[in-house]
Amino acid sequence: MENDVLAKTYEPKEVEERWYYYWERNDLFKANTKSGKSPFSIVIPPPNITGSLHMGHALNNTLQDILCRYRRMKGYNVLWQPGTDHAGIATQNVVEKDLASKGTDRHQIGRERFVQLVWEWREKFGGMIINQLKRLGSSCDWSRERFTMDDGLSKAVREVFVRLYDEDLIYRGDYIINWCPRCHTALADLEVEHEDRDSYLYYIRYPFEDREGYLIVATTRPETLLGDTAVAVNPEDERYEGLSGSHVLLPVLNRPIPVIFDSYVDREFGTGALKITPAHDPNDFEIGNTHQLERIRVINEDGSMNELAGPYKGMERFQCRERILDDLRSSGLLEKTIPYRHAVGHCYRCKTMIEPLLSKQWFVKIGPLAEKAIAAVKDGKTRIVPSNWEDVYYEWMNNIRDWCISRQIWWGHRIPAWYCQGCGEIIVAKEEPRGCPSCKGKDLQQETDVLDTWFSSALWPFSTLGWPDSTDELKTFYPTSVLVTGFDILFFWVARMMMMGLYFLGDVPFRDVYIHALVKDEQGQKMSKSRGNIIDPLEVLDRFGTDAFRFTLSILAIQGRDIRLSEERIAGYRNFINKIWNAARFSLMNLKDCKPPSIDKSNLTLADRWIMTRIGEVAEEITGHIGGYRFNDAASTCYQFVWHEFCDWYLEMAKLELYSRDQKRREVAQSVMQILLSGVVRLLHPFVPFITEEIWQRLPYTEGSIMIAQFPQPTEFIYDDESIKEMDLLRGVITGIRNIRGEMNVPPRKDVRIVIDGKGSRERQILENNLSYITSLAKVGSIDIVSGAEKPKWSATYVFGDVQVHVLLKGLINYDDERKRIYKEIKKTEREMDLSRRKLANKDFLNQAPPHIVEDVREKAGLMGVRLERLNKHLAMLEGLK
RNA sequence: GGGCGGGUAGCUCAGUGGGAGAGCAUCGGCCUUACAAGCCGAGGGUCACAGGUUCAAUCCCUGUUCCGCCUACCA
Numbered sequence: 035m036e037n038d039v040l041a042k043t044y045e046p047k048e049v050e051e052r053w054y055y056y057w058e059r060n061d062l063f064k065a066n067t068k069s070g071k072s073p074f075s076i077v078i079p080p081p082n083i084t085g086s087l088h089m090g091h092a093l094n095n096t097l098q099d100i101l102c103r104y105r106r107m108k109g110y111n112v113l114w115q116p117g118t119d120h121a122g123i124a125t126q127n128v129v130e131k132d133l134a135s136k137g138t139d140r141h142q143i144g145r146e147r148f149v150q151l152v153w154e155w156r157e158k159f160g161g162m163i164i165n166q167l168k169r170l171g172s173s174c175d176w177s178r179e180r181f182t183m184d185d186g187l188s189k190a191v192r193e194v195f196v197r198l199y200d201e202d203l204i205y206r207g208d209y210i211i212n213w214c215p216r217c218h219t220a221l222a223d224l225e226v227e228h229e230d231r232d233s234y235l236y237y238i239r240y241p242f243e244d245r246e247g248y249l250i251v252a253t254t255r256p257e258t259l260l261g262d263t264a265v266a267v268n269p270e271d272e273r274y275e276g277l278s279g280s281h282v283l284l285p286v287l288n289r290p291i292p293v294i295f296d297s298y299v300d301r302e303f304g305t306g307a308l309k310i311t312p313a314h315d316p317n318d319f320e321i322g323n324t325h326q327l328e329r330i331r332v333i334n335e336d337g338s339m340n341e342l343a344g345p346y347k348g349m350e351r352f353q354c355r356e357r358i359l360d361d362l363r364s365s366g367l368l369e370k371t372i373p374y375r376h377a378v379g380h381c382y383r384c385k386t387m388i389e390p391l392l393s394k395q396w397f398v399k400i401g402p403l404a405e406k407a408i409a410a411v412k413d414g415k416t417r418i419v420p421s422n423w424e425d426v427y428y429e430w431m432n433n434i435r436d437w438c439i440s441r442q443i444w445w446g447h448r449i450p451a452w453y454c455q456g457c458g459e460i461i462v463a464k465e466e467p468r469g470c471p472s473c474k475g476k477d478l479q480q481e482t483d484v485l486d487t488w489f490s491s492a493l494w495p496f497s498t499l500g501w502p503d504s505t506d507e508l509k510t511f512y513p514t515s516v517l518v519t520g521f522d523i524l525f526f527w528v529a530r531m532m533m534m535g536l537y538f539l540g541d542v543p544f545r546d547v548y549i550h551a552l553v554k555d556e557q558g559q560k561m562s563k564s565r566g567n568i569i570d571p572l573e574v575l576d577r578f579g580t581d582a583f584r585f586t587l588s589i590l591a592i593q594g595r596d597i598r599l600s601e602e603r604i605a606g607y608r609n610f611i612n613k614i615w616n617a618a619r620f621s622l623m624n625l626k627d628c629k630p631p632s633i634d635k636s637n638l639t640l641a642d643r644w645i646m647t648r649i650g651e652v653a654e655e656i657t658g659h660i661g662g663y664r665f666n667d668a669a670s671t672c673y674q675f676v677w678h679e680f681c682d683w684y685l686e687m688a689k690l691e692l693y694s695r696d697q698k699r700r701e702v703a704q705s706v707m708q709i710l711l712s713g714v715v716r717l718l719h720p721f722v723p724f725i726t727e728e729i730w731q732r733l734p735y736t737e738g739s740i741m742i743a744q745f746p747q748p749t750e751f752i753y754d755d756e757s758i759k760e761m762d763l764l765r766g767v768i769t770g771i772r773n774i775r776g777e778m779n780v781p782p783r784k785d786v787r788i789v790i791d792g793k794g795s796r797e798r799q800i801l802e803n804n805l806s807y808i809t810s811l812a813k814v815g816s817i818d819i820v821s822g823a824e825k826p827k828w829s830a831t832y833v834f835g836d837v838q839v840h841v842l843l844k845g846l847i848n849y850d851d852e853r854k855r856i857y858k859e860i861k862k863t864e865r866e867m868d869l870s871r872r873k874l875a876n877k878d879f880l881n882q883a884p885p886h887i888v889e890d891v892r893e894k895a896g897l898m899g900v901r902l903e904r905l906n907k908h909l910a911m912l913e914g915l916k
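All residue numbers for the first sequence refer to my numbering, where the first residue is 35 and numbers rise by one.
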């Protein structure tokens, strides 16, 4: 790549398109089933085809991409398996809306045509989110993209359904399910969102059939009384003693229903009498079963009342409620109405109030599957990170109920069951049966219901790898290495994949599950359309660039805490990206004439040895952080190192060499600089792939893509422990001088003279060897080095351990300021010294604290003592000058 | 009702049984030939409250309080 002068500001747009295209064209995202390398695999949480990239996707995929790019650079054979989810109800809703706008509906056009239209819609719009993921830099193996409705995955679905049915883990029956009257389908318990609503508790009188008086029941849903088949009281309740065998008359309909006794009834609540509607309430359904009560369903699937509702037939359910209340009032049967707040279930897709309804549905018997899934986590076969989610997982798994998997919609995997119209036989098979095995009849009708979308999602980690066929992909990449996802689908998805993977492949679907945070707004509110607080990731990508956005997300991705995202935050890290750009710009400007890097340790400057040592340490730290899914720590380490060590210190110090007339010195510096810049971009690549590739390609003597360069490891750099200590001293002295300059308002233009008093010969030696750094970084004109001299007049002094730095400020110094400054230092030092001395005066501390701690405190007390003495001397001298 | 998480600088948050940190914001000084999306420097915190364990607690334990989220079949 040509070494043009780089632009002053990083321009992400063009760079991003160019390199993404390059990576794809060069097959750098492709996984290999014939590789000898260790495998590393991730299946993407498949986004809905109706979806558009939101913050959750952005975070989720950024983290996965970091892991994948990191592992590739570490030499793994990486598969990031992408794909999309058919999202049954959501997609059907979208297409239905479209039909409605054209004045028709799915029933008019019929099932076959409707499904065809959904496919067409999917062809047109279903790939949108995939392109958005690409803009994020996602390094998925797109040649393996899958869709839950693909032939292969559909085959897996049928295989699983048939086997579970054959092994009695799938059954069909009449139960109370959650019905959405708008989506017109059953929902699983999980798909119901409970929300507290202000409502009323109605006290209704049920007159006795054969005598005066009445029982009063309390209900929130008076319209269901039409389906009541009993009133229940607690057998221990004295108030209702002697009612055994008696009946009450159902208001309005005047149907006699029995009074029954069941300990389920809470005596404290309401009147202690509970109306029982087995066809419209899950609890009542249970009680109905124990007492063999009739089930009377009075509400239709569209939420209207049916013929069993008598005079209310045809009314919408809420309208019916009002009418019944009117009628109860006029007949004197409404005792009272009190305001009452309680949780009401809503459809997670359309927010319509759920109607518990008696209905014939298909279920998965979940108990036996859950047991193994619990054990797998308990045994550590799958690790959930952060581990507190393991408790949440157990909690849910232990209380799990059977899973209603049938949906009364058209878009999805049609349940592979056929009903013989001749003899009623149910045939469950992978392929359409030719005839009824029982009566040989030919008139078979397939079940019209489709499966819950999550049923196919549950198979994702192996269906995408080719199961039920025995493929190389499965052999190489199952179990996958890690699943990265949000906790909101821990139950919906993760738990179910665990169950299915264990059952059908005999092994967990993933070794690790990393649960990341939710992305919220600055106020900590969930982002939602209704709140209007959504930050659109696509807009962010346009404005700040992908790398800035990714880096922001990763540095905010703290385990166990939600992310509060703001644009200022992103802008801040955009500045970091620009900083990287300019550091590279500077380095490349100075590498135009460089030779291939070679290092001879004896020629290195202190700054060289120090930065080499540090980058090695940093590489190791980052490796540890990524390995532990501590993305924020990894990103912070990068930020801190690149900005505040590499840029602020190393590059500044390297200028001395680069601007030197000594060609040899320049060459050494160029070598170190190449190694460092190469190391820095490789460290950063998993987080900020685009800018690092751009720099990598411009860096002399690099080959191929940075994507397949090796991730830095400490052994490629020189390690020199001493250089760290020496730099600490040097940096301390330079900072001290700058500090004085700042406090005394000495303009940067103005050189100052300093006197360094270094009694300790070691420190003195180090400083003497590195005077040029002090001169240039602290803007010092001349330096005198002395031992044990008096503090010069007209000077401000900085004390660093055994070294004192006097900055000569004749004509510049304000003695009041300097006195204040020294006084402040004295107070601070006194506080620390007192603390240490008090500890040392404590016998228990001396006896019981570990020796090295005692030693540290002793040393500190000594240091503070010396420092205090010197500071006091300076202060006394200043007072004398008054 | 049950469960989980959290209260640390003005804001957003790291962190550790032994010297309170970062980013942003604020204040002061700088257009120093990589970068003003920058450079140099500064100020700012009883680590929610009360007990306990310990030589030593912001950190461990108990309680209180406040704030989130998840979950639940008291109608």
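From the three backbone atoms N, C-alpha and C, an ideal C-beta is built for every residue, glycine too.
According to DSSP, residues forming a beta bridge with residue i
i, result
"threonine 519", "Ile549"
"histidine 325", "None, per the DSSP bridge assignment."
"aspartate 202", "Partner(s): none; aspartate 202 has no beta bridge."
"methionine 339", "Ile333"
"phenylalanine 181", "Thr118"
"tyrosine 374", "Ser233"
Which of helix, strand or coil DSSP assigns to residue i
i, result
"threonine 253", "strand"
"tyrosine 382", "coil"
"serine 75", "strand"
"tyrosine 54", "helix"
"isoleucine 569", "coil"
"methionine 35", "With a pLDDT of 39 at methionine 35, under the threshold of 50, the predicted position of this residue should be treated as unreliable, though the coordinate-derived value follows. Methionine 35: coil per DSSP, three-state reduction."
"phenylalanine 369", "According to the sequence provided, residue 369 is glutamate. The question's phenylalanine does not apply to it. In this structure, glutamate 369 counts as strand in the three-state DSSP scheme."
"lysine 560", "strand"
"proline 312", "coil"
"lysine 629", "coil"
"isoleucine 439", "coil"
"arginine 273", "helix"
"histidine 840", "strand"
Which listed residue (the options) has its alpha carbon closest to that of residue i
i, options, result
"glycine 120", "Glu157, Cys454, Phe585 and Arg106", "Just to set this straight, residue 120 is histidine in the shown sequence, not glycine. It is Glu157."
"leucine 813", "Gln838, Lys784 and Pro420", "In the sequence under discussion, the amino acid at residue 813 is lysine, which differs from the leucine named in the question. Out of Gln838, Lys784 and Pro420, Lys784 has the C-alpha closest to the C-alpha of lysine 813."
"leucine 283", "Arg351, Ile238 and Gly276", "Ile238"
"leucine 811", "Arg765, Ile790, Arg608 and Val714", "Arg765"
"asparagine 779", "Leu287, Pro467 and Gly845", "Gly845"
"glutamate 45", "Gly160, Asn323, Gly794 and Phe578", "Phe578"
"lysine 476", "Ala492, Val553, Ser491 and Trp452", "Trp452"
"alanine 895", "Glu864, Leu690 and Lys907", "Glu864"
Span of the beta strand (DSSP E) around residue i
i, result
"glutamine 395", "389-398"
"arginine 239", "226-241"
"valine 293", "290-295"
"threonine 498", "Threonine 498 -> no beta strand (DSSP E), and no H or E assigned at all."
Cβ distance (whole Å) where residue i is taken to contact residue j below 8 Å
i, j, result
"valine 11", "threonine 305", "Since the first and last residues shown for the chain are 35 and 916, residue 11 lies out of range."
"leucine 711", "leucine 733", "6 Å"
Residue i: first and last residue of the uninterrupted alpha helix (DSSP H) it sits in
i, result
"histidine 919", "Here the chain covers residues 35 to 916 and nothing more, so residue 919 does not appear."
"tryptophan 828", "From DSSP, tryptophan 828 is part of no alpha helix (DSSP H); its letter is neither H nor E."
"alanine 617", "601-623"
"threonine 671", "665-675"
"arginine 417", "Run containing arginine 417: none in the alpha helix (DSSP H); it sits in the beta strand (DSSP E), 417-419."
"histidine 908", "885-914"
"leucine 283", "Per DSSP, leucine 283 belongs to no alpha helix (DSSP H); it is in the beta strand (DSSP E), 281-283."
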